[in-house]
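As structure tokens, the structure follows; a few thoughts come after it.
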Amino acid sequence: MRKPVITLLLCLLCLTGMAQGNQSIDLKDITSGRFRPENIYGVIPTPDGDFYTEMNAEGTQIIKYSFRTGEKVEVIFDVSQARECDFKNFSSYQFSPDGQKLLIATKKTPIYRHSYTAVHYIYPLKKNEKGVTTNNIIEPLSDGGPQQAPVFSPDGTMIAFVRDNNIFLVKLLYGNSESQVTEDGKSNAIINGIPDWVYEEEFSFNSALEFSADNTMIAFIRFDETEVPSYSFPLFAGQAPRIEALRDYPGEYTYKYPKAGYPNSKVEVRTYDIKSHVTRTIKLAIDADGYIPRIRFTKDASKLAIMTLNRHQDRFDMFFADPRSTLCKLVLRDESPYYVKSGVFDNIQFYQDNFSFLSERDGFSHLYWYSMGGNLIKKVTNGKYEVKEFLGYDETEGSFYYTSNEESPLRKAIYKIDRKGKKIKLSQKEGTNNATFSTSLKYYMNKFSNLTTPMLITLNDNMGKPLKTLVTNDKLKQTLASYAIPQKEFFTFQTTDGVELNGWMMKPLNFSASKKYPVLMYQYSGPGSQEVVDTWNISWETYMATQGYLVVCVDGRGTGGRGEAFEKCTYLKIGVKEARDQVEAALYLGKQSYVDKERIGIWGWSYGGYMTLMSMSEGTPVFKAGVAVAAPTDWRFYDTVYTERFMRTPKENAEGYKESSAFTRADKLEGKLLIVHGMADDNVHFQNAVEYMEQLVQCNKEFYALPYTNRNHGIYGGNTRQHLYTQMTNFFKSNL
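Positions -19 to -1, 1 to 717 (mature numbering (1 follows the signal peptide of the UniProt record, and there is no 0)) are the ones given, in order, by the sequence shown.
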């Protein structure tokens, strides 16, 4: 479960030492995005090395820029210039691996968090004698209906995609001839080439389809979800958007959702020989209930990397499979006494003779370098800090690029290290840095912010030297100079268990240490998450600080950035230590001279909503009010992959599930409680809310409930966000 995008990243002026005005922030300013900072979205490095592209805001052009100068090079696609273009704008695009074609997506229709269908078009990037992209003819990828997860072959002559759970192949050199690769796809039964719901949600991908390096084979994961139980929720006509067909009689949506302890999809890897049309099943030695979260062809066409986890997710195996003989060889195994984090998959990158791997085997996430034979060559990084992301390896220089929190668990910086261990910090400023490198690794775009600096975007060379500043947000700073804005401050404290926790607080405007203020605590608290980080944003919490509340956030045990022992100490009993730490935070705050300890509230969304319930029912009556949004209430209701990663199955860990359930401690609930949930939440089902409310009824506990028709886990659409935050504001004002 990942936190939904509920904190709108609406930056505001809070530069240290700069005078602030008196104008008040309005709630509508928060929910409407009025102060949203300038950013650069959807940057795609081009295959030709030192350039990048981005869409314009209108979705009508793709513009190419230089990584070295930041200057516009050319418009490589324009809907008004492309010949035979029958659409006015588009949603996204991708390059063919050789950089000679674009695949442009229009009419996107979201399915779940990552998946969507779209109508795709092929656009050849032909040049004239001056080297400028000409106005070429654009062609539809297929006339058979919208497509999912299209993938180019390495030579750019073929595209495979999924439609109605089956794989199709388009050969561009043969008049875009289309053939069907699989035929057994069926809704809520068999899926080819794309993940099922739980794989998409918890393993964070939307394509399970790959071409071999020599363009002769397709590999894909086949999901048989026949035995996975179905879940249904009602749909109504509603508004924004309105479903007119449901005006008189409501409908329902049914899909496969495996809850903790129940069957998952049966998965296997198959390969398809493009020339002979032969389909084979890989002989993979994994448990019958094991996971296959990724497949990736290496640069060697005879080596298909298949990444697997056992159901407990404490053992990661990577096999190299021959797509024709179907035989597999175990190349890498990584085990944990707790669980292997799912982020491992996308940090594995394959090179001619080596591959990268991130492991927590020494207690912290570090970069390891292996031969393609599976032999460990070296541990690249070392220390009591976490490598957050592997960014690339320069085979010519022998240099590795990565981000880590070496400076502080609250910060992230960009580093370069060579084969001999000589390390250079590339990012210049302390805070949160995120890099997008050119494909040549000669340049990178850095997005930086910290508590006192809004988004700053620069282009840099691979020694960290700034080459050009692209975004400063100076206009935003000027706009907000007239506003009165609370500022975040970091703090630490030690719990009675002797654990040091990190937090931030925003003091009310015109704060006086001689007064006592009500406190509103915000948290997420989920495994590996971090809310206390050195970055700059404004959210509803900022608004509440302008309303006279001391707003506080504390990352308790189980959160990320501080190594495996701190993060995984909640294993098999999630929610218990985290709730205790939120209570400890409230008790600590209550001892401060400027806090009214009788008026402390807490709120959170998703796992944070669950933690609100657990903390208010911990047995220490420290919270006067709380709001739980989209909260899981009993882990038996949640999906297999996420829940069992931290809890194993209910049968294996009955006592842990009992202690981790909000139901178990419902009779201890203290304080006023508002429960908020979307009725069409496909992630944390509405069932969590209504069953917990029934438990409160039977315990004779008062509560308030706010359901949102047809809303999913994000609870948005039309005026929904404004309504939600207005209700939350009024609830806390009434009860704190």
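A virtual CB, placed ideally from N, CA and C, is assigned to each residue, including glycine.
Taking C-alpha atoms, which residue in 523, 637, 584 lies nearest to residue 558?
-> Checked all of 523, 637, 584; the closest Cα to residue 558 is 637.
Starting from residue 370, trace the alpha helix (DSSP H) both ways and give me its first and last residue.
-> Going by DSSP, residue 370 is part of no alpha helix (DSSP H) but of the beta strand (DSSP E) stretching over 368 to 375.
Selected residue, minimal CA-CA separation from residue 287, among 294, 280, 310 | Closest option to residue 287, Cα to Cα, is 310.
List the DSSP bridge partners of residue 136.
-> None; residue 136 has no bridge partner.
If you draw a straight line from the C-alpha of residue 118 to the C-alpha of residue 64, how long is it?
-> Residue 118 and residue 64 have their alpha carbons spaced roughly 4 Å apart.
From residue 49 to residue 441, what does the alpha carbon distance come to, in whole angstroms?
-> In a straight line, the C-alpha of residue 49 is about 8 Å away from that of residue 441.
Does the count of Cβ pairs from the segment 627 to 647 and the segment 582 to 590 closer than 8 Å reach three?
-> These segments do not touch.
Buried or exposed: residue 258, going by 16 or more other Cβ atoms within 10 Å of its Cβ?
-> The residue in question, residue 258, is exposed, as its Cβ has fewer than 16 Cβ neighbours within 10 Å.
Work out the CA separation of residue 530 and residue 497 for me, nearest whole Å.
-> Cα-Cα distance, rounded: 10 Å.
Which residues mark the beginning and the end of the alpha helix (DSSP H) in which residue 8 is found?
-> Segment 8 to 13, the alpha helix (DSSP H) holding residue 8.
Where residue 88 sits in the DSSP three-state scheme = Here residue 88 sits in strand by DSSP.
Report the rounded CA-to-CA distance for residue 225 versus residue 211, giving the unit in angstroms.
-> In this structure, the CA atom of residue 225 is about 26 Å from the CA atom of residue 211.
Based on Cα-Cα distance, which residue from 511, 381, 5, 411 lies nearest to residue 397?
-> The shortest Cα separation from residue 397 among 511, 381, 5, 411 belongs to 381.
Decide yes or no for the touch test of the segment 333 to 340 against the segment 535 to 550: beta carbon pairs closer than 8 Å, at least 3 of them.
-> Contact between the segment 333 to 340 and the segment 535 to 550 is absent: fewer than three C-beta pairs spanning the two stretches fall below 8 Å.
Can you say whether residue 419 is buried or exposed, counting buried as having 16 or more other CB atoms within 10 angstroms of its CB?
-> Buried is the call here.
Which stretch, first to last residue, makes up the beta strand (DSSP E) that contains residue 254?
-> In the DSSP assignment, residue 254 falls within the unbroken beta strand (DSSP E) covering 247 to 254.
Would DSSP call residue 449 helix, strand or coil?
-> Look at residue 449 here: in three-state DSSP terms it is strand.
With 16 other Cβ atoms within 10 Å as the buried cut-off, status of residue 358 | Counting Cβ neighbours within 10 Å, residue 358 comes out exposed, since fewer than 16 surround it.
Is the beta carbon of residue 87 less than 8 Å from the beta carbon of residue 102?
-> Yes, the Cβ-Cβ distance between residue 87 and residue 102 is below 8 Å.
Residue 22, buried or exposed, once every other Cβ within 10 Å from all chains shown has been counted against 16 = In the assembly as shown, residue 22 is an exposed residue. Its beta-carbon has fewer than 16 other beta-carbons within 10 Å.
Can you tell me the Cα-Cα spacing of residue 467 and residue 523, whole angstroms?
-> Going from the Cα of residue 467 to the Cα of residue 523 covers about 7 Å.
Looking at the unbroken alpha helix (DSSP H) that takes in residue 457, where does it start and where does it end?
-> Where residue 457 is concerned, the enclosing alpha helix (DSSP H) starts and stops at 455 to 461.
In the structure shown, what three-state DSSP assignment does residue 65 receive?
-> DSSP, read as helix, strand or coil, puts residue 65 in coil.
Near residue 90, what residues of its chain come up, given a Cβ to Cβ distance below 8 Å and the 5 sequence neighbours on each side ignored?
-> Closer than 8 Å at the Cβ level, and outside the excluded window around residue 90, lie 97, 98, 99, 127.
State the start and end residues of the unbroken alpha helix (DSSP H) segment that holds residue 35.
-> Taken as a continuous stretch (DSSP letters only), residue 35 belongs to no alpha helix (DSSP H), being part of the beta strand (DSSP E) at 32 to 36.
How big is the Cα-Cα spacing for residue 323 and residue 228?
-> Using only the alpha carbons, I get a separation of about 42 Å.
Which residues in the same chain have their Cβ closer than 7 Å to the Cβ of residue 368, if we skip the five residues on either side of it in sequence?
-> Once the five neighbours on either side are set aside, the close Cβ partners of residue 368 are 339, 346, 347, 348, 362, 383, 385.
Taking the beta strand (DSSP E) that residue 261 falls in, what are its first and last residues?
-> Where residue 261 is concerned, the enclosing beta strand (DSSP E) stretches over 260 to 262.
In chain order, what residues of the same chain have a beta carbon less than 7 Å from the beta carbon of residue 699, not counting five sequence neighbours either side?
-> So the list reads 220, 221, once near-sequence residues are dropped.
What residue from 3, 7, 2 has the CA that sits closest to residue 521's CA?
-> Ranking 3, 7, 2 by Cα distance to residue 521 puts 7 first.
Does the Cβ-Cβ distance between residue 595 and residue 607 come in under 8 Å?
-> Not in contact: residue 595 and residue 607 (Cβ atoms no closer than 8 Å).
When burial is assigned at 16 or more other CB atoms within 10 Å of the CB, is residue -15 buried or exposed?
-> Low confidence applies to residue -15: its pLDDT is 41, below 50, so where it sits in the model is not reliable enough to give any reading.
Measure the Cβ-Cβ separation of residue 123 and residue 151 and say whether it is below 8 Å.
-> Contact flag set, yes.
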